[in-house]
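Let me begin by presenting the structure, written as structure tokens, before commenting on it.
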Amino acid sequence: MTQSLAGDQRTYAELLQATTRLLRPYLSRRLNSATEVDDVMQEILISVHKARHTYDGKRPYKPWVFAIAKFRLHDHLRAHYADQLHHADDLAEIEEFLPDHVTESALSYESISAEVEKLPEKQATILRMMHQDGYTAKEVAEKIGMNESAVKVAAHRAYKILRQKLEE
Amino acid sequence: MADINKLIGELAQEVITVKPAPHPFILSTKWMAGAAAYLALALLISGTRADLMAKFQEPLFALEVAALLGLFVATSISAALLSYPDMHQMRHVAYTPFATLALLVLVMLLAWRADVPPVPSPIHGFQCTIELTLLSLLPIAWMFYAMRKFASTHLRWAGSIALLFAFSIGALWLRLAEQTDSTMHLIQWHYLPVIAFGIAGLWLGKTLLKW
């Protein structure tokens with residue numbers, strides 16, 4: 000890093016490569032997909048670049064780089080969960096009126112089951128389990144190995160498609 | 000992975016000689032020197048309280064000013080450390096403002112117990128908080144401007160400490176300039192607002208110190 004601060008491009012590239020190798024296992028343990036790991040890794044590398052003047056080469060490098068990595072990872076996770084919460088809020092609104100709508104109107108799950116079958120396989124399975132078999136989103140998530148939020152989001156998308164089709 | 004290699008290539012091409020940031024102790028010394036000059040100027044304009052020298056003979060007053068000075072020094076050092084992603088690997092030092100704040104609370108408790116019969120509160124009240132805030136505005140702006148040049152990874156904490164530093168200057172000025180000895184007045188209109196602004200700094204730090 001000291002040589003990098005002096006403007007040595009090759010050493011700096013090597014340092015960033017080594018940083019990537021150092022951080023990859025740390026991120027992989029905390030994130031679900033390789034794409035997410037790569038995204039966060041890129042943010043960390045840019046942050047390391049921006050903050051390189053705060054490292055003087057006189058103290059260990061690892062605690063410095065891990066402080067940045069942890070900061071960016073938490074940023075990413077906060078944004079990720081805030082996004083999921085936003086979807087969950089939307090669903091809560093829909094879920095409030097959806098059962099009434101189904102029971103009060105002439106529509107029932109059976110009457111729209113043909114449309115459900117036309118949905119992508121995952122969405123159709125989720126709707127079948129939730130509305131035909133009576134499972135909650137949490138139970139569906141456990142049964143098909145997804146997380147609860149992902150199940151809700153998939154259901155939300157399916158409801159949207161169905162609503163559009165039924166309104167046509 | 001190809002994207003990462005490409006990014007590394009781009010970052011390496013951008014690299015130029017960079018002057019490392021100063022040691023946090025040097026940084027905090029500079030901040031304290033600037034703040035002390037500002038405080039001296041403020042006292043020069045407003046004037047000190049008439050009985051200042053006599054008041055320093057009273058142990059509780061001297062202790063209170065010492066606690067405020069302690070808060071001033073500790074918050075300056077802590078803010079400097081918090082400007083670095085890894086707190087310059089001196090995390091324990093960054094906690095010192097809590098000790099000085101606890102000392103100030105203790106001194107004020109002792110002063111409150113000793114305030115028998117209570118010294119009457121001055122007619123003004125909120126005016127003190129306004130003056131304290133106005134005097135602290137410039138140091139607040141200056142601190143955030145200075146800290147944004149670094150890379151804090153504890154935005155809320157850094158924001159709170161920056162505000163405590165700025166308000167410690169205001170609190171010191173008010174204590175040395177205002178002829179007031181009512182403990183209740185000091186707690187209500189001087190020190191509680193300082194703590195409240197310190198809490199507000201948690202939000203300000205998150206907003207202004209993003210990088």
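Those protein sequence lines, which keep their order, are chains A and B.
According to numbering that gives the first Met the number 0, the first sequence holds residues 0 to 167 in order.
According to numbering that gives the first Met the number 0, the second sequence holds residues 0 to 210 in order.
From the three backbone atoms N, C-alpha and C, an ideal C-beta is built for every residue, glycine too.
Predicted model only: the values in this text are computed from it and were never measured.
Look at the Cβ atom of residue i, then the Cβ atom of residue j, and state whether they are nearer than 8 Å.
i, j, result
"S75 (chain B)", "F149 (chain B)", "no"
"T124 (chain A)", "I111 (chain A)", "no"
"W172 (chain B)", "A41 (chain B)", "yes"
"D180 (chain B)", "V106 (chain B)", "no"
"G204 (chain B)", "A161 (chain B)", "yes"
"L80 (chain B)", "G158 (chain B)", "no"
"T152 (chain B)", "I45 (chain A)", "no"
"S3 (chain A)", "V72 (chain B)", "no"
"M129 (chain A)", "A136 (chain A)", "yes"
I need the DSSP call for residue i, collapsed to helix, strand or coil.
i, result
"I168 (chain B)", "helix"
"L118 (chain A)", "coil"
"L204 (chain B)", "Note that residue 204 (chain B) is Gly in the sequence shown here, rather than Leu. Three-state DSSP puts G204 (chain B) in a helix."
"I122 (chain B)", "coil"
"K164 (chain A)", "helix"
"V36 (chain A)", "helix"
"D2 (chain B)", "helix"
"A153 (chain A)", "helix"
"P19 (chain B)", "coil"
"A150 (chain B)", "coil"
"D85 (chain B)", "coil"
"S112 (chain A)", "helix"
"Y25 (chain A)", "helix"
"K61 (chain A)", "helix"
"W210 (chain B)", "coil"
"D82 (chain A)", "helix"
"Y144 (chain B)", "helix"
"R174 (chain B)", "helix"
"Y134 (chain A)", "coil"
"Y94 (chain B)", "coil"
"P192 (chain B)", "helix"
So, under 8 Å CB-CB, residue i and residue j are touching, yes? Tell me the CB distance rounded to an integer number of Å.
i, j, result
"L22 (chain A)", "I43 (chain A)", "6 Å"
"A154 (chain A)", "L126 (chain A)", "7 Å"
"M131 (chain B)", "A170 (chain B)", "Looking at the sequence provided, one finds Leu at residue 131 (chain B) rather than Met. With a Cβ gap of about 6 Å, L131 (chain B) and A170 (chain B) count as contacting."
"K164 (chain A)", "E114 (chain A)", "5 Å"
"A12 (chain A)", "A11 (chain B)", "4 Å"
"W30 (chain B)", "G124 (chain B)", "That belief does not hold up - the Cβ atoms of W30 (chain B) and G124 (chain B) are roughly 31 Å apart, past 8 Å."
Tell me whether residue i, by its Cβ, gets closer than 7 Å to a heavy atom of the ligand ADP.
i, result
"I3 (chain B)", "Inclusion of the ligand ADP in the displayed structure is not the case, the ligand content being empty and no account of it being possible."
List, in chain order, every chain E residue whose beta-carbon is nearer than 9 Å to that of residue i.
i, result
"P116 (chain B)", "Considering every chain present, this structure includes no chain E. Its protein chains are A and B."
Any contact between the stretch 58-76 of chain B and the stretch 94-107 of chain B? By contact I mean 3 or more CB pairs, one from each, below 8 Å. yes
Between the stretch 138-157 of chain A and the stretch 4-19 of chain B, are three or more C-beta pairs nearer than 8 Å? no
Looking at C-beta atoms only, is the number of pairs between the stretch 51-60 of chain B and the stretch 29-44 of chain A that lie closer than 8 Å three or more? no
Start-end ranges of the alpha helix (DSSP H) lying completely within the stretch 23-67 of chain B, minimum 4 residues: 23-45, 51-54
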